[in-house]
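Trainee: Here it is, the structure in full.
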Amino acid sequence: MKAVLDTNVLIRHLTGDPPGQARRATAFLAASHKLLLADLVLAEMIYVLESFYERPREEVATVARSLLAFPSIAVTDPDVLVRAVEIYETARIGFADAYVVATAERTGIRRVASFDRTIDKVRTIRRVEP
């Protein structure tokens, strides 16, 4: 079966909450499906694990990397997502900002128009204020 994954399947699998849905999510992910993980779903998963479940950043980054390496999961641009997770973890900025920085790197633009000064933690790009 081919399907696009929704965040709730990942959250149920990763947290075991609630148990019935968690078992079904885990079984679904373990089956031989071809699953597309949208960038937005990964971002939402990171946000939910970090905010609602209060998981530490390092654990969330490890989980994200594991999903990206999962054989049955495909993404549109794995290099951007892997780099975004790395920036999220090491620079300790929000995942959305890390994703924007990774995109700026990948495209060669190397500039991010933003008022968010936390982006300045990443030295591979330059933040420009409008």
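Take numbering that gives the first Met the number 0: the final residue in the sequence shown is number 129, and no numbers are missing along the way. Note that beta-carbon positions come from the ideal geometry of N, C-alpha and C, so glycine has one too. Note that this is a predicted model, so its numbers are computed, not measured.
1) How about Ile10 and Val59: are their beta carbons less than 9 Å apart?
2) For the alpha helix (DSSP H) containing Leu35, list its first residue and its last residue.
3) Count Cβ pairs between the region 66-86 and the region 34-42 that sit closer than 8 Å; are there 3 or more?
4) So, at 6 Å on beta carbons, what are the nonlocal neighbours of Thr123 in its own chain, with the 5 sequence-adjacent residues on each side left out?
5) Contact check, Phe94 vs Ala112 under 8 Å by CB: the rounded distance?
6) Considering only their Cβ atoms, is the gap separating Ala63 from Ile45 smaller than 9 Å?
7) Mind pulling the alpha helix (DSSP H) runs of 4 or more residues that sit fully within the region 45-89?
8) Less than 7 Å between C-beta atoms, sequence neighbours within five positions excluded: which residues of the same chain meet that for Ala24?
Mentor: According to the structure data:
1) no
2) Taken as a continuous stretch (DSSP letters only), Leu35 belongs to no alpha helix (DSSP H), being part of the beta strand (DSSP E) at 33-35.
3) With the cut-off at 8 Å, the region 66-86 and the region 34-42 touch.
4) Excluding residues within five positions, the ones whose Cβ falls inside 6 Å are Glu104.
5) About 19 Å separates the Cβ atoms of Phe94 and Ala112, ruling out a contact at the 8 Å cut-off.
6) yes
7) 56-68, 77-89
8) Around Ala24: Val8, Arg11, His12.
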